Each structure stands twice: as C-alpha cells, then as structure tokens.
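The numbering used here numbers the first residue of the sequence shown as 31 and each following residue consecutively. Think of the CB as a built atom: it goes at the ideal place given N, C-alpha and C, for glycine as much as any other residue. Quick caveat, the model's predicted, so the values are computed rather than measured.
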Amino acid sequence: MTLGTEILIIGGGATGLGAAYDAALRGFKVLLIEKGGLANGTSGRYHGLLHSGGRYVFSDPQSARDCARENAILRRILPEAIEDCGGWFVTTPADPEDYAGRWAAACREIGVPVEEYPIAAALKDEALLNPQISHVFNVLDAGCDSFDLCHGLARAAREYGAQIWTRRKVVKLLMDGNRVRGVQLDNSATGEIETVLADLVLNCAGAWAGQVAALAGCDVRITPGKGIMIAMNSRLVNRAVNRLHPPNDGDILVPVGTVSIIGTTDTPILDPDRYEIEPWEVDLLLKQGEILIPRIREFRALRAWAGVRPLFDPALQHSRLPADFKLQSGVSTPAESRTITRAHATLDHSDRDGIDGLISVVGGKLTTFRLMAQHALDLACRKLNVERLCRTDREPISPPGRKFYNLGQRLESLKRQKGSEDSASSSFQPPPEYRATASESIICECELVTRSQIEAALAESGSLVLNDLRRDLRLGMGPCQGGFCIYRAAGILHQCREEDQRITNSALVEYLQERWKGIRPLMWGHSLRQLELDLRIYREILGADRLSLSRTPEVYPTERIA
Ligand SMILES: Cc1cc2nc3c(=O)[nH]c(=O)nc-3n(C[C@H](O)[C@H](O)[C@H](O)COP(=O)(O)OP(=O)(O)OC[C@H]3O[C@@H](n4cnc5c(N)ncnc54)[C@H](O)[C@@H]3O)c2cc1C
31 MTLGTEILII GGGATGLGAA YDAALRGFKV LLIEKGGLAN GTSGRYHGLL HSGGRYVFSD
91 PQSARDCARE NAILRRILPE AIEDCGGWFV TTPADPEDYA GRWAAACREI GVPVEEYPIA
151 AALKDEALLN PQISHVFNVL DAGCDSFDLC HGLARAAREY GAQIWTRRKV VKLLMDGNRV
211 RGVQLDNSAT GEIETVLADL VLNCAGAWAG QVAALAGCDV RITPGKGIMI AMNSRLVNRA
271 VNRLHPPNDG DILVPVGTVS IIGTTDTPIL DPDRYEIEPW EVDLLLKQGE ILIPRIREFR
331 ALRAWAGVRP LFDPALQHSR LPADFKLQSG VSTPAESRTI TRAHATLDHS DRDGIDGLIS
391 VVGGKLTTFR LMAQHALDLA CRKLNVERLC RTDREPISPP GRKFYNLGQR LESLKRQKGS
451 EDSASSSFQP PPEYRATASE SIICECELVT RSQIEAALAE SGSLVLNDLR RDLRLGMGPC
511 QGGFCIYRAA GILHQCREED QRITNSALVE YLQERWKGIR PLMWGHSLRQ LELDLRIYRE
571 ILGADRLSLS RTPEVYPTER IA
C-alpha cells in the first residue's frame, strides 16, 4: 500500500500530537505515525507537573520563560488535562538557607510569578509537610494528565482532518538523493510493510529522535536521561511541592488524582528501550521524600515507573564532544544528564546536514510541547513556501465546560442516575467518556470504570490492547493495580472483538506484565500482599503463565509473568 500526505509526523507523544494539531489547524494534510499507542513514550511516563518555570530559573532561564508562558496558554486551551492544584517551593532543613531570596529575585526578573506564603498557614494547609520548613513560596505549578492531554490533542487534530495511525513503526526513511520523500512502516497489527510519501517529515520521536534521524544519515545525539518516580497511594499533599535548592533527585511531590508522585532521578542511559528500576533508586526517592514528608514511609508505595528524558545538548553535537562520549545509534551518554538544558531545538536538516524534507524537534519539556510544535510548523511553512500562521495559542482544544476529570465525577454521575436530590441540584456535567449509569456493572471498582465505557472505548479505538484502555479510561490504575478488573476487561474485549482467543490472552499477559513491572521494585507491606493475591488469581486460578499467545508481549518482552 502506498499513500501520500503533505506533512508526516513521527511520534505520538505530546510533541508529535501537538504538531499534528498545529499542522491540521494551518490547513495541511497531515498523517501522524506512532509505533505503540498514544503517549506510549515519555509523555505517558512522566512526573505530571505543568511547570510554572520556577524549577529552571537558574539552570535554564530560557526554559523557565517558556514554561511560564506555556503554562498560562495551556490552562486556557486545555483545561480538561490540567488539575489546578497550585504549587509551592519550600526550604527544608536540608536546603541552603540563602537560596530562597536569590531564587525569588530571579523568578521575578524572568517573569515567573511567585509570592511568599506564611509558614504557619502552610503547615495548617499541608498537615504532613516537614514542620521544620523555613520558607514557602506560592507558584503557578499545576498537575497535568498527559493521557487526557494526548487524547485531547488527537481528538482536535482529527476534527481538523489529521489522520493518526498507531502501532506502525517507521523503519526506513525513503530517500531520493539528498531528499527524504517518505517513510516505510512496519504495521505491528498486520505484519505488513506500508509506504507513505510526504512533502515533509517531522521527526518528533523524543528519546528516539536520534535513531529516526540516523535513518536519513543525520547525526543527532540525544542523551536519554532515565528518571524514576513512585506513586504513593494517598494524596499526601494537595499542591505540588518543590524544594528550594538546585534541581536534584526526589525533590518534587506532585498530587495526581487520588495519589501523590515523588520523583525523580536523572541517570544517563545508553538505550531508551532498555532500562531497569534499581532498588537503590527506590530507596533514594523515599529518603529524599522523607525530607519533605517525614512520615512518607508509613504510606503504601503503589507503583514505580520510569521514563526517559529526550535531552538534547547542543554542545554534544558534531565535533565538540566530551572525553567520555559514546555513540550508539543516535544516543550519547555523558557522565551527567541533570545539567543538560531542558530547552528545545528545531533542527533543519537541510542547513545542518544537507538533507532536505526532514525537520527534527528535540529536547524540551511536556509543558513546552505546544511551543515546540509551533516552532516546527513555522519552519515547515518556510520550507514549503507557504505563509500560514499558528493558531494553537488561541483555539481552545477542550469543548466548552469540560473540566479536569477526577474520580468524584463518576460517583456524581452515578448519583445523578439514581436521581439523588443532592446531585440533582449540581450543575456539574462529567465528560461523556466518564458518564456512568447506575444500572450497569462496574468492572474496575478502584476507578469506577463500567462495562459500557469499556465497550465504547474499544469501539472508538478499534484497539486489541488492554493497556490502551488503561490510558483511555484509567482501567486498573487504582490500588489493586488491575488485580480484580483485568480478567473481566479481557472477557469484554474477547466478546466485543470475537477474535482468536490467543489475541485476548496476549492482551491480558501484556497488561499484567506492564502492571507487575511497576510493583516488583516495591515488594513490601501492602503492595507485596496485593501482588501475592494477584499472583494466586492469575497464575494459580487462571493459569495466565500457561496461556497460548498470538504475539510476543510487546511491553516487557524479556520477562515471564513474575
Ligand atoms: C522522569 C521524567 C519526568 C518528567 N517530568 C516532567 C514534568 O513533570 N513536566 C514536564 O513538563 N516534563 C517532564 N518531563 C519531560 C517530558 O515528559 C518530555 O519532555 C515529553 O514528554 C517528551 O514528549 P515527546 O512527545 O517529545 O516524546 P515522547 O512522549 O517520548 O514521544 C515520542 C514518541 O515517538 C514514538 N516513536 C519513536 N520511534 C518511532 C518510530 N520509529 N516510529 C514511530 N514512532 C516512534 C515513541 O513510541 C513515542 O511515543 C519528564 C521526563 C521524565 C523522563
């Protein structure tokens, strides 16, 4: 099969989806290609903070300015993805006492709004916070749900005519002399190789951008910086709390829905597809967490996961390389990744490498994805000789009235269905995918996901992957981590699709492996008890480790179940 498009985008994370939306809004014919599901890469494995800019005022003033500006824009255009919890920067006994004053002055100079807050009031607001804190500043940090963000962008891009294809990996860039003419795709659902021709290819492949650029012979050195995070099974704080010191490991706690996430670490790795969560990393995060919340270890650690930062250090490109530099197909590994800029770069490969038809967008933060997309599309317009202005800072993506989802919305919806007097007076209207009827069965008790929501999500996405339901509906994200709901969801998947039994088996095994991968580093207390119970259910009762499979599980191919 051969197709044609004007702009082809590689990567279905925040940057690629932002670029697809921007390009579609400017009237281009657009096709986005993603090798997994949407938010399969770093965008689905990040810390969840919409930065105010405060974190980067010393280390990265440009990134701080970008974050401050984009924070205000995203609150306006995508409120459904943003939990406006607010944020604090606090001085703990482990932080330099003179940092706070210098930091507040730098924020004001750069344009990051900050305001000192009385300590007595702060300790009343956040009962678990270290009582020894000596400064508290209010900032405009917020929580940002990247699954809602990516789904919102995909929906908006499609409304403007963009096509989005998932589970297709770009395996080759088609060259005509020094010009990229299109791509070859490996369709993991059918096993077919497909060809798409394009006027311009945008490489938004995040930590894999170096590998994609290498397909055209371009040398783009990305430093993949691994960061781990731990979700604590409780809302330990109600706003994002950062420490007032130079950015370091485990110094931010972000409340997300019903949990709080302590993170992160930052370690350079060789390959963005190969990494483990080490016991010392878990220990380090909890130790650092105790500085903010002294009682943190009394709470259940629910899940650990890691993401890979797509860091781009201009100083590492081409000839100016440090002595400890190693190159492995588009990847560089300097000794330290914490110090690499968080700013982004838009690479015009015709100027840089003599290759036409290819632009790479690298580095940046999730908070700055819209600006990265804008810069890429501004350059694309110049290359294609057209003048079309960016409108993504003005056009709202969220439908009118759509707010950030929280678990209470489904309860509210159920109460409404029962005609409760309390809820009848509420003007609140949850988004359609979270509406539930009182009469139907709840499949995931932790996140209140119903049978009809699962059926609707499967019908809309056409997906055979239970992990997609996790991202679409939060299925299995609660305290039981899928223990009681995934075999039920697998049954629904099988009924809806009427596919070969082995396809459902594979979806189930993939899901379990992905979930258990995150519990394995935290095997103590209630998490260990829950895991033991899940193992009894899935291995001993359901025989999940002996099922015949249709495909090698894509998420964690090297491990058998537990
Ligand atoms: C631990 C950690 C914590 C972070 N916390 C924050 C935070 O709190 N706030 C913040 O603003 N930022 C944060 N970041 C940074 C932020 O998450 C990333 O900068 C951002 O998500 C990158 O988005 P992206 O779309 O560029 O890359 P990705 O989300 O990785 O998207 C790239 C996509 O390309 C796809 N792809 C790759 N190769 C191919 C191919 N050959 N064919 C098809 N598809 C391909 C991948 O599957 C992937 O989905 C954090 C990062 C890490 C690692």
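- Between the region 100-107 and the region 148-161 there are fewer than three inter-stretch CB-CB distances shorter than 8 angstroms, so the stretches are not counted as touching.
- In this structure, DSSP gives ARG75 a state outside helix and strand, which the three-state scheme calls coil.
- Look at the beta carbons and you see the region 431-444 not touching the region 70-81: under three pairs across the two are nearer than 8 angstroms.
- A distance of 8 angstroms or more separates the beta carbons of PRO285 and ARG304.
- Per DSSP, the beta-bridge partners of TRP195 are ILE63.
- Around the C-beta of LYS317, fewer than 16 other C-beta atoms lie within 10 Å, and the residue is accordingly described as exposed.
- If only uninterrupted alpha helix (DSSP H) runs of at least 4 residues are considered, those enclosed by the region 220-307 are 239-244.
- PHE88 and CYS137 have their C-alpha atoms roughly 9 angstroms apart.
- By the 16-neighbour rule on beta-carbons within 10 angstroms, GLY573 is exposed.
- Taken in chain order, the whole alpha helix (DSSP H) runs of length 4 or more contained in the region 120-190 are 129-140, 149-155, 176-189.
- Remark: C-beta atoms of ALA237 and VAL169 do not approach each other more closely than 8 angstroms.
- Judged by DSSP secondary structure, GLN214 falls outside any alpha helix (DSSP H) and instead within the beta strand (DSSP E) spanning 209-217.
- When distances are taken from the beta-carbon of GLY131 to the heavy atoms of ligand 1, even the shortest one reaches 7 angstroms or more.
- The Cβ atoms of ILE427 and LEU47 lie no closer than 8 angstroms to each other.
- By the neighbour-count definition (other C-beta atoms within 10 Å, threshold 16), GLN439 is a buried residue.
- Here the region 509-517 lies against the region 550-564, with 3 or more beta-carbon pairs under 8 angstroms apart.
- A distance criterion of 7 angstroms places the beta-carbon of CYS248 beyond contact range of ligand 1, judged by its closest non-hydrogen atom.
- ILE39 places its beta carbon less than 8 angstroms from that of LEU62.
- For ILE39, the enclosing beta strand (DSSP E) begins and ends at 32-40.
- The beta-carbon distance between VAL210 and GLY387, rounded to whole angstroms, is 4 angstroms. This is short enough to meet the 8 angstroms contact definition.
- Nearest in C-alpha terms to THR45, of all of VAL289, ASP502, ALA403, GLU570, is ALA403.
- Contact check for PHE342 against ILE252 passes: the beta carbons are separated by less than 8 angstroms.
- Here DSSP, grouped into helix, strand and coil, assigns LYS202 to strand.
- A Cβ-Cβ contact shorter than 8 angstroms links ARG325 with LEU158.
- Separation of SER390 and LEU227 (C-alpha to C-alpha, rounded to the nearest whole angstrom) is 18 angstroms.
- THR376: member of the beta strand (DSSP E) spanning 374-378, first to last residue.
- Closest by C-alpha distance to ASN160, out of PRO123, GLU417, GLY293, ARG333, is PRO123.
- With 16 or more neighbouring CB atoms inside 10 Å of its own CB, CYS248 falls in the buried class.
- Nearest C-alpha to LEU33 among SER493, ILE472, VAL213: VAL213.
- According to DSSP, ALA334 shares a beta bridge with ILE260.
- In the structure shown, the three-state DSSP call for PHE58 is coil.
- Residue state for PHE342 is assigned as strand, using DSSP reduced to three classes.
- Going by DSSP, GLY393 is part of no alpha helix (DSSP H) but of the beta strand (DSSP E) stretching over 388-393.
- THR397 carries a helical assignment under DSSP once its states are collapsed to helix, strand and coil.
- Excluding five sequence positions before and after VAL392, the CB atoms of its chain that fall closer than 7 angstroms to its own CB belong to ALA239, VAL250, ILE252, PRO340, PHE342, HIS374, ALA375, LEU377, given in chain order.
- With contacts defined as CB atoms closer than 8 angstroms, ARG559 and ILE522 fail to qualify as a contacting pair.
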